[in-house]
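Asks: If you want our numbering, it's the 1-based position in the sequence shown plus 17. Backbone N, C-alpha and C define an ideal beta-carbon position, used for all residues, glycine too.
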Amino acid sequence: MQEPPATGTGRDGLGELIGLEYLDGGPEEVRARVAVSDDIRQPVGLVHGGVYAAIAESMCSAATWLAVRDDGMAAMGQSNSATFLRPITEGHVNAVARPRHRGRTTWVWDVEITDDADRLAALIRMTVAVRPA
18 MQEPPATGTG RDGLGELIGL EYLDGGPEEV RARVAVSDDI RQPVGLVHGG
68 VYAAIAESMC SAATWLAVRD DGMAAMGQSN SATFLRPITE GHVNAVARPR
118 HRGRTTWVWD VEITDDADRL AALIRMTVAV RPA
């Protein structure tokens, strides 16, 4: 998967800022990761929950946009709901996003966040709005 911008600017500003790296992508699954650094940790040493949300929104908006752009449509986050299960403090924040619903005006994704030991750290349900560009 190319590293697609979810906007017309050619950039994924927040994704770039946190170091989001796309690993693989297709119509049924998108994989990405972020290396853990002091820049994304809370003062107590845990990866900030907002990073998980930013990863999910960047991945799902970009993947939806790739699927709808040729129809003159844009994709933007509409809802982002995260459940945190365990902290990540080192290594990588790994993410796998899978579409659950591909509608005319909304797409719904499930995102699993894991650490490098493949332990589930968070579950995110992401809804992406699809609108004319």
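Is D132 buried or exposed, if buried means 16 or more other CB atoms sit within 10 Å of its CB?
Replies: Your numbering for residue 132 matches position 115 in the sequence shown. Buried, by the Cβ-count rule.
Asks: What residue from V51, A138, L63, W82 has the CA that sits closest to T144's CA?
Replies: The residue you call residue 144 lines up with position 127 of the sequence shown. Out of V51, A138, L63, W82, W82 has the C-alpha closest to the C-alpha of T144.
Asks: From R142 to V61, what distance separates their C-alpha atoms?
Replies: Along the sequence shown, read from residue 1 onward, the residue named residue 142 stands at position 125. Along the sequence shown, read from residue 1 onward, the residue named residue 61 stands at position 44. The straight-line gap from Cα to Cα measures roughly 26 angstroms.
Asks: At the level of alpha carbons, what is the spacing between G36 and A52?
Replies: Position 19 of the sequence shown holds residue 36. Position 35 of the sequence shown holds residue 52. G36 and A52: Cα-Cα distance of roughly 7 angstroms.
Asks: For P149, tell me which candidate among D135, A139, W126, T122 has the shortest Cα-Cα distance.
Replies: The residue labelled residue 149 in the question sits at position 132 within the sequence shown. Nearest option by C-alpha distance: T122.
Asks: Give a yes or no on whether the C-beta atoms belonging to D29 and A79 are separated by under 9 angstroms.
Replies: In the sequence shown, counting from the first residue as 1, residue 29 sits at position 12. In the sequence shown, counting from the first residue as 1, residue 79 sits at position 62. In this structure, A79 lies closer than 9 angstroms to D29 by Cβ.
Asks: In terms of alpha-carbon separation, which member of A91, T106, V125 lies closest to R115?
Replies: Position 98 of the sequence shown, counted from the start, is the residue given in the question as residue 115. Nearest of A91, T106, V125 to R115, Cα basis: V125.
Asks: For E38, which of N97, I72, Q59, R86 has the nearest alpha-carbon?
Replies: Translated into the one-based positions of the sequence shown, residue 38 becomes position 21. Nearest C-alpha to E38: I72.
Asks: Alpha carbon to alpha carbon, what distance is there between H65 and I57?
Replies: For the purposes of this step, residue 57 is taken as residue 40 along the sequence shown, with counting starting at 1. For the purposes of this step, residue 65 is taken as residue 48 along the sequence shown, with counting starting at 1. Roughly 6 angstroms separates the two Cα atoms.
Asks: DSSP three-state label for A150, please.
Replies: Reading the sequence shown from its first residue, position 133 is the one you call residue 150. In this structure, A150 counts as coil in the three-state DSSP scheme.
Asks: Buried or exposed for V147, please, with buried defined as at least 16 other CB atoms from any protein chain shown within 10 angstroms of its CB.
Replies: As a position in the sequence shown, residue 147 is number 130, starting the count at 1. Buried, since its Cβ has 16 or more Cβ neighbours within 10 Å.
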